[in-house]
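Undergrad: I'd like to ask you about the structure that follows.
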Amino acid sequence: MVKTKDILEFIRTFEEGAEVVSESGGAVCGVSPLSDAKDGTVTWVRQECFDLAGVNAEIVICPLNFRQTRGEYPKTLVKVRKPRLCFMKVAERFFAPPKPSGKHPNAVIEQGANIGPDTYIGANTFVGGHVSIGRNTVIYHNVTIMNCVAIGDNCIIHSGAVIGQDGFGYEKTDCGGWAKFPHFGGVTIGKNVYIGANTCIDRGTMGDTIIHDCVKIDNLCHIAHNAVIERNAVVIAKSMVAGSAHIEEGAYIAPSVSVRDGLTIGRESFVGMGSVVVRDVDAGAVVAGVPARRLRDNTEN
């Protein structure tokens, strides 16, 4: 159990303008969704106007301009700039399960691999001998990390991911067959990177495939050889980033997007769901469609 006042003090450490409308002085034992907010939990509401009658949570986190449609909330109500983000921080600080640590006895770690302290390697995961993994990283079960891969600190790699396999590079021969392009590069992954389940990241042909700090890649994505994804970019489920494509800082790739090889997706741009991108995307642009076309700037409502 956590005292309400301790949670409010924590919120004030990152929300200087937090306004506590009412305070019950009770205790909190966990989190719950608004639709089923239970006694002794913390929840959040995104709407600026909402009827909290029937909501039993000990703490409700809401927007700064929140207005209850009737009555007053009998427990703790706190107004903040970003309710969802505030809720996430509270949940992580007080109620998240501890990160796993150590190495599962069924993991296969080849001699020569360099694994930092407090990093977890899950069951049936393979780590090649020419792999470097930073500290406090979590690599779940059934992950394959081939040679020539470097992974930074505080990363999360979910089950079934394959990192560092050869890319799909072929050249047609004189006799009509296909010759495989040799791969000499690797994969470089920065700090605080998230890689979802069953995502594949190919090694580079000559240089490396590069995933910069704080990139978030969802489940079932394919990142081809020599692609570069810059800091804070997001790639959502079932998307494909083809060879040598460049996703710039802060770009957002929605689900099921295909990005053609060699293209640049500009910084802070947004590529809509299911788009097929066949031309460069300007910085700050919103594009969508098959083929993807510019709709507006990302700063417009």
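Sequential numbering of the sequence shown, starting at 15, is according to my numbering.
No residue lacks a Cβ here, since even glycine has one placed at the ideal position from N, Cα and C.
This one's a predicted model, so the numbers in the text were calculated from it and none came from an experiment.
Note the first and the last residue of the continuous alpha helix (DSSP H) segment covering Lys103.
TA: One-based indexing of the sequence shown puts residue 103 at position 89. Note, Lys103: alpha helix (DSSP H), 97-108.
Undergrad: Residues in the same chain with beta-carbon distance under 8 angstroms from Gln179, minus the five sequence neighbours each way, listed in chain order, please.
TA: Looking up residue 179 in the sequence shown gives position 165. Within the same chain, Gln179 has close Cβ partners Thr158, Met160, Cys214, Asp216, Arg217.
Undergrad: Would you mind sorting Pro111 into buried or exposed? The rule is 16 or more other CB atoms within 10 Å of its CB.
TA: On the sequence shown, position 97 is the one that residue 111 refers to. Classification for Pro111: exposed.
Undergrad: Measuring alpha carbon to alpha carbon, tell me which residue in His236, Gly200, Leu66, Asn70 is nearest Cys162.
TA: In the sequence shown, residue 162 corresponds to position 148, counting from 1. Closest option to Cys162, judged by alpha-carbon separation, among His236, Gly200, Leu66, Asn70: Gly200.
Undergrad: Taking the continuous alpha helix (DSSP H) assigned at Asp20, which residues delimit it?
TA: On the sequence shown, position 6 is the one that residue 20 refers to. Taken as a continuous stretch (DSSP letters only), the alpha helix (DSSP H) holding Asp20 covers 18-28.
Undergrad: Is the beta carbon of Leu234 less than 7 angstroms from the beta carbon of Ala259?
TA: Taking the sequence shown and counting its residues from 1, the one referred to as residue 234 is at position 220. Taking the sequence shown and counting its residues from 1, the one referred to as residue 259 is at position 245. Result no, Cβ atoms of Leu234 and Ala259 do not sit closer than 7 angstroms.
Undergrad: Can you tell me whether DSSP reads Asp311 as helix, strand or coil?
TA: Here residue 311 refers to the residue found at position 297 when the sequence shown is read from its first residue. Strand at Asp311.
Undergrad: For Pro88, which of Cys43, Arg81, Val69, Ile123 has the nearest alpha-carbon?
TA: Here residue 88 corresponds to residue number 74 of the sequence shown, with the count starting at 1. That would be Val69, whose Cα lies nearest to the Cα of Pro88.
Undergrad: Do the region 147-154 and the region 162-174 meet, that is, are 3 or more Cβ pairs less than 8 angstroms apart?
TA: Result yes; three or more Cβ-Cβ pairs closer than 8 angstroms.
Undergrad: Taking only three categories from DSSP, how would you classify Leu48?
TA: Your numbering for residue 48 matches position 34 in the sequence shown. Leu48: helix per DSSP, three-state reduction.
Undergrad: Just curious, the beta strand (DSSP E) that Lys186 is in, first and last residue?
TA: Locating residue 186 in the sequence shown gives position 172, counting from the first residue. 184-186 is the span of the beta strand (DSSP E), which, as asked, contains Lys186.
Undergrad: Are there 16 or more other CB atoms within 10 angstroms of the CB of Thr187, so buried, or fewer, so exposed?
TA: Translated into positions along the sequence shown, residue 187 becomes position 173. Classification for Thr187: exposed.
Undergrad: Using the three-state DSSP reduction, which class does Glu33 fall into: helix, strand or coil?
TA: Looking up residue 33 in the sequence shown gives position 19. DSSP places Glu33 in strand when its eight states are reduced to three.
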